[in-house]
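S.K.: Pasting in a structure now, in structure tokens, and then I'll have a few things to ask.
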Amino acid sequence: AAGGRACAQAVFGRCYGSGPKPRGRRRRMRLRRLLLRYYPPGIILEYVQGGEPKTRSIDLLDLRPDTDAIALVEEIRKGEPLITASCKEHVIHLVRRLQEKLGEKEDHKFCLFKVLRAHILPLTNVAFNKSGSRFITGSYDRTCKVWDTESGEQLRTLEGHGNVVYAIAFNNPYGDKIATGSFDKTCKLWSTETGKCYHTFRGHSAEIVCLSFNLQSTLVATGSMDTTAKLWNIEKGEEIVTLSGHSAEIIALSFNTTGDRIITGSFDHTVAVWDVGTGRILHTLIGHRGEISSAQFNWDCSLIVTGSMDKTCMLWNAMTGTHIATLTGHSDEILDVCFDYAGQRIATASADGSARVYNAETKKCIAKLEGHGGEISKVCFNPKGNRILTASSDKTARLWDAATGHCLQILEGHTDEIFSCAFNYKGDIIITGSKDNTCRIWH
Numbered sequence: 001a002a003g004g005r006a007c008a009q010a011v012f013g014r015c016y017g018s019g020p021k022p023r024g025r026r027r028r029m030r031l032r033r034l035l036l037r038y039y040p041p042g043i044i045l046e047y048v049q050g051g052e053p054k055t056r057s058i059d060l061l062d063l064r065p066d067t068d069a070i071a072l073v074e075e076i077r078k079g080e081p082l083i084t085a086s087c088k089e090h091v092i093h094l095v096r097r098l099q100e101k102l103g104e105k106e107d108h109k110f111c112l113f114k115v116l117r118a119h120i121l122p123l124t125n126v127a128f129n130k131s132g133s134r135f136i137t138g139s140y141d142r143t144c145k146v147w148d149t150e151s152g153e154q155l156r157t158l159e160g161h162g163n164v165v166y167a168i169a170f171n172n173p174y175g176d177k178i179a180t181g182s183f184d185k186t187c188k189l190w191s192t193e194t195g196k197c198y199h200t201f202r203g204h205s206a207e208i209v210c211l212s213f214n215l216q217s218t219l220v221a222t223g224s225m226d227t228t229a230k231l232w233n234i235e236k237g238e239e240i241v242t243l244s245g246h247s248a249e250i251i252a253l254s255f256n257t258t259g260d261r262i263i264t265g266s267f268d269h270t271v272a273v274w275d276v277g278t279g280r281i282l283h284t285l286i287g288h289r290g291e292i293s294s295a296q297f298n299w300d301c302s303l304i305v306t307g308s309m310d311k312t313c314m315l316w317n318a319m320t321g322t323h324i325a326t327l328t329g330h331s332d333e334i335l336d337v338c339f340d341y342a343g344q345r346i347a348t349a350s351a352d353g354s355a356r357v358y359n360a361e362t363k364k365c366i367a368k369l370e371g372h373g374g375e376i377s378k379v380c381f382n383p384k385g386n387r388i389l390t391a392s393s394d395k396t397a398r399l400w401d402a403a404t405g406h407c408l409q410i411l412e413g414h415t416d417e418i419f420s421c422a423f424n425y426k427g428d429i430i431i432t433g434s435k436d437n438t439c440r441i442w443h
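In this text, residue positions in the sequence shown follow UniProt numbering: the first is 1, and each later residue adds one.
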């Protein structure tokens with residue numbers, strides 16, 4: 001979509017300035033086009049400054065179907081010199097398009113589309129590209145396979161690792177590269193289209209168990225049982241920096257949206273916030289009394305959420321590293337946590353068989369998702385944020401209403417525990433991965 005940028009659909013509206021040219025900084029900036037980003041709601045500005053093409057976004061995270069669009073655009077104009085009087089009407093139109101999307105009623109029932117017997121040996125992970133047109137599977141058979149979602153056909157097998165392929169990811173939103181992290185202590189970078197291996201990143205002294213691309217697709221980060229994380233330059237295929245400071249294995253890592261910070265979660269009970277440019281540790285988030293299971297930034301990079309084996313979830317100020325709140329209520333280990341795209345809600349998944357939804361601002365539990373007959377290892381929001389998907393050891397995945405906690409659908413058919421589940425960007429395709437060695441695609 002729109003050259004891989006963060007937009008569900010490109011809306012080209014050219015706004016040409018009229019009237020006298022303002023002085024200074026503004027004169028050097030020329031708006032080329034506006035793009036709509038549905039999730040999270042926003043408008044992307046493509047502009048030229050000093051001959052260089054650039055982009056920036058106006059995030060509309062609090063937009064509601066009943067927001068006054070005209071007043072909102074007036075407010076935007078005060079802080080955004082690129083939005084001139086000549087394109088005000090067009091921006092109002094874009095805001096209303098976003099509002100229509102937010103207001104759409106959904107009662108989509110998912111049906112099983114395909115069962116894929118992906119690998120002979122157990123699956124480790126599944127992941128979508130942004131549009132959901134492709135997905136990848138990692139396995140104990142030492143390979144990663146690339147699949148076409150629409151047909152369910154295997155497109156290629158990425159071979160070359162000497163041990164389990166455990167962590168896998170596309171470089172979303174672009175999706176033209178795949179990273180695989182292995183128990184052979186290396187990470188490999190591949191072409192999605194040809195299956196060619198661009199680089200093999202060597203340097204860890206133990207298994208790689210987590211990895212992530214930054215949104216800018218310039219870096220890939222790997223986390224290892226050797227207690228370190230490493231940042232690698234995608235273009236050059238070189239290590240940029242080693243993030244040393246944890247005293248036990250790193251099992252979670254996540255870049256923020258702007259790409260200047262990364263967090264690592266460890267079995268040493270702490271989460272570290274690092275400066276990507278220098279590799280220096282900025283904050284250590286201390287407070288959990290058990291191993292960290294997951295950690296994530298919200299979209300606007302202001303908050304960090306962490307989940308732990310100590311049965312709690314904690315919320316932190318990402319800028320200062322200070323503890324904001326402890327979200328309690330679960331009676332067993334928290335296995336997964338996540339924000340919705342707008343960063344306004346937090347979902348937790350627990351070994352107690354329930355999931356919970358919290359309001360990030362009030363820190364109150366707004367819904368309890370109860371019904372699974374076993375631990376929930378994975379939880380995720382759909383891009384719109386009104387649905388939650390959970391994967392459980394009871395062999396089912398469930399779809400829930402994020403506001404009420406009502407179970408809307410049970411996805412049944414797997415014959416062993418489900419450890420992975422994901423939505424595509426539109427929210428109309430689900431993938432589930434199970435220990436029964438199959439992936440299921442649901443439409």
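Glycine included, each C-beta is placed from N, C-alpha and C at the ideal position.
1) Please look up how many angstroms separate the CB atoms of H288 and M314, rounded, as I've assumed it's under 8 Å.
2) Do L211 and A169 have their C-beta atoms within less than 7 Å of each other?
3) Does the structure place the stretch 233 to 252 close enough to the stretch 262 to 273 that three or more beta carbon pairs sit under 8 Å?
4) Which complete beta strand (DSSP E) runs does the UniProt repeat "WD" (285 to 326) hold, if anything under 3 residues is left out?
5) Output needed for N117: all residues of its chain with C-beta closer than 8 Å, excluding positions within five of it in sequence on either side, in chain order.
6) Nearest to Y47 by CA position, among P41, Y38, I58, L34, is which residue?
7) Check each candidate in S131, I136, H108 and name the one with the smallest Cα separation from H119.
8) Can you tell me where the beta strand (DSSP E) holding V276 begins and where it ends?
9) Taking the beta strand (DSSP E) that A85 belongs to, which residues open and close that run?
10) Since V357 and Q296 should fall inside the 8 Å C-beta cutoff, what is the C-beta to C-beta distance between them, to a whole number of angstroms?
11) Along the beta strand (DSSP E) that carries G433, what are the first and last residues, could you check?
12) Give me whichever residues DSSP pairs with H199 in a beta bridge.
13) When you compare only the Cα positions, how much space is there between F113 and V146?
14) Using beta-carbon positions only, say whether G433 and K384 come within less than 7 Å of one another.
15) Could you name the residues of the same chain whose beta carbon sits closer than 8 Å to that of residue 445, not counting the 5 residues immediately before and after it, in chain order?
16) What is the rounded straight-line gap between the Cα of R28 and the Cα of T84?
17) Exposed or buried, R23, counting other C-beta atoms within 10 Å across all chains shown (16 or more means buried)?
18) Smallest Cα separation from G279: which of V209, L243, K311?
19) Taking 8 Å as the limit between beta carbons, can you name the residues of its chain near G321, skipping five residues before and five after?
20) Measure the C-alpha to C-alpha separation of R25 and V73 and round it to an integer number of angstroms.
21) Spatial neighbours of E150 within its chain, please: C-beta separation below 8 Å, excluding the five flanking residues on both sides.
22) Suppose the cutoff is 8 Å on Cβ atoms and the five residues either side in sequence are ignored; what does the same chain contact list for C421 look like?
23) A403 to I366, Cα distance in whole Å?
24) Within the continuous beta strand (DSSP E) that includes G138, where are the two ends?
25) Exposed or buried, what is P173 when buried is set at 16 or more other beta-carbons lying within 10 Å of its beta-carbon?
26) Which class does I44 belong to by DSSP, given the choice of helix, strand or coil?
27) What is the rounded straight-line gap between the Cα of K395 and the Cα of R142?
28) Go ahead and pull the three-state DSSP assignment for Q99.
29) Using the Cβ count rule (16 or more neighbours within 10 Å means buried), how would you classify C111?
30) Name the DSSP beta bridge partners of residue 460, please?
31) Residue range of the beta strand (DSSP E) that K230 falls in?
32) Taking 7 Å as the threshold (C-beta atoms), are C197 and T222 in contact?
33) Under a Cβ-count criterion, where at least 16 other Cβ atoms within 10 Å of its own Cβ denotes burial, should H414 be classed as buried or exposed?
34) Can you tell which of F128, A347, G160, A252 has the C-alpha that lies nearest to the C-alpha of L369?
35) Look up G79 in the DSSP assignment and say whether it is helix, strand or coil.
36) Using the beta-carbon count (16 or more within 10 Å), is G185 buried or exposed?
M.R.: In terms of the structure at hand:
1) In the sequence shown, residue 288 corresponds to position 288, counting from 1. In the sequence shown, residue 314 corresponds to position 314, counting from 1. That belief holds up - the Cβ atoms of H288 and M314 are roughly 7 Å apart, short of 8 Å.
2) As a first step, residue 211 must be located in the sequence shown, where it is residue number 211. As a first step, residue 169 must be located in the sequence shown, where it is residue number 169. Cβ distance < 7 Å, so L211 and A169 count as in contact.
3) Flag = yes, the stretch 262 to 273 and the stretch 233 to 252 touch.
4) 292 to 297, 303 to 308, 313 to 317
5) Indexing the sequence shown from 1 puts residue 117 at position 117. The identity of residue 117 in the sequence shown is Arg, whereas the question assumes Asn. Once the five neighbours on either side are set aside, the close Cβ partners of R117 are N437, T438.
6) For this step, residue 47 is matched to residue 47 along the sequence shown. Checking every option, the nearest Cα to that of Y47 belongs to L34.
7) In the sequence shown, counting from the first residue as 1, residue 119 sits at position 119. For H119, the nearest C-alpha among the options comes from I136.
8) As a first step, residue 276 is located in the sequence shown; it is residue number 276 there, counting from the start. From DSSP, V276 is part of no beta strand (DSSP E); its letter is neither H nor E.
9) Here residue 85 is taken as the residue at index 85 of the sequence shown, counted from 1. Unbroken run through A85: none, as it is neither H nor E.
10) Position 357 of the sequence shown, counted from the start, is the residue given in the question as residue 357. Position 296 of the sequence shown, counted from the start, is the residue given in the question as residue 296. Contact doesn't hold; Cβ gap of about 15 Å is too wide.
11) Here the question's residue 433 lines up with position 433 in the sequence shown. Following the DSSP letters along the chain, one finds G433 inside the beta strand (DSSP E) bounded by residues 430 to 434.
12) Sequence index remark: in the sequence shown, residue 199 carries index 199 (1-based). According to DSSP, which records beta bridges pairwise, H199 is partnered with L189.
13) Residue 113 sits at position 113 when you count from the first residue of the sequence shown. Residue 146 sits at position 146 when you count from the first residue of the sequence shown. Each residue's Cα considered, the two are about 18 Å apart.
14) Counting from one through the sequence shown, the residue named residue 433 turns up at place 433. Counting from one through the sequence shown, the residue named residue 384 turns up at place 384. Cβ atoms of G433 and K384: not closer than 7 Å.
15) The requested residue 445 is not part of the displayed model; the chain covers only 1 to 443.
16) The residue you call residue 28 lines up with position 28 of the sequence shown. The residue you call residue 84 lines up with position 84 of the sequence shown. Rounded to the nearest angstrom, the two C-alpha atoms are 14 Å apart.
17) Looking up residue 23 in the sequence shown gives position 23. Note that R23 has pLDDT 47, beneath the 50 cutoff, so the model's placement of it is unreliable and the number below is only indicative. A residue is called buried once 16 or more other Cβ atoms fall within 10 Å of its Cβ, and R23, having fewer, is exposed.
18) Along the sequence shown, read from residue 1 onward, the residue named residue 279 stands at position 279. Residue nearest to G279 within the set V209, L243, K311 is L243 (criterion: CA-CA distance).
19) Walking along the sequence shown from the start, residue 321 turns up at place 321. Contacts found: V273, L282, H283, T284, L285.
20) Taking the first residue of the sequence shown as position 1, residue 25 is located at position 25. Taking the first residue of the sequence shown as position 1, residue 73 is located at position 73. With a pLDDT of only 48 at R25, under the threshold of 50, the placement of this residue in the model should not be trusted, and no figure is reported.
21) As a first step, residue 150 must be located in the sequence shown, where it is residue number 150. Cβ within range, chain order: S133.
22) To locate residue 421, count along the sequence shown from 1; it is residue 421. Within the same chain, C421 has close Cβ partners K378, C380, L389, T390, A391, A397, I430, I431, T432, G433.
23) The residue you call residue 403 lines up with position 403 of the sequence shown. The residue you call residue 366 lines up with position 366 of the sequence shown. Looking at the two C-alpha atoms, the distance is approximately 7 Å.
24) As a first step, residue 138 is located in the sequence shown; it is residue number 138 there, counting from the start. Counting along the chain, the beta strand (DSSP E) containing G138 begins and ends at 134 to 139.
25) Against the sequence shown, residue 173 aligns to sequence position 173. Buried, by the Cβ-count rule.
26) Stepping through the sequence shown from its first residue, residue 44 is reached at position 44. Correct three-state label for I44: strand.
27) Taking the sequence shown and counting its residues from 1, the one referred to as residue 395 is at position 395. Taking the sequence shown and counting its residues from 1, the one referred to as residue 142 is at position 142. When rounded, the distance between both Cα atoms is 25 Å.
28) Sequence index remark: in the sequence shown, residue 99 carries index 99 (1-based). It is helical.
29) The residue given as residue 111 occupies position 111 in the sequence shown. Looking at its Cβ environment, which holds fewer than 16 other Cβ atoms inside 10 Å, C111 is exposed.
30) A query on residue 460 cannot be resolved here, the shown segment of the chain reaching from 1 to 443 and no further.
31) Position 230 of the sequence shown, counting from 1, holds the residue named residue 230. Segment 229 to 233, the beta strand (DSSP E) holding K230.
32) Working through the sequence shown from its first residue, we reach residue 222 at position 222. Working through the sequence shown from its first residue, we reach residue 197 at position 197. The beta carbons of T222 and C197 sit no closer together than 7 Å.
33) Here residue 414 refers to the residue found at position 414 of the sequence shown. So H414 counts as buried.
34) As a first step, residue 369 must be located in the sequence shown, where it is residue number 369. Nearest option by C-alpha distance: A347.
35) Translated into positions along the sequence shown, residue 79 becomes position 79. The DSSP-derived three-state label of G79 is helix.
36) Your numbering for residue 185 matches position 185 in the sequence shown. What sits at residue 185 in the sequence shown is Lys, not Gly. K185 comes out buried.
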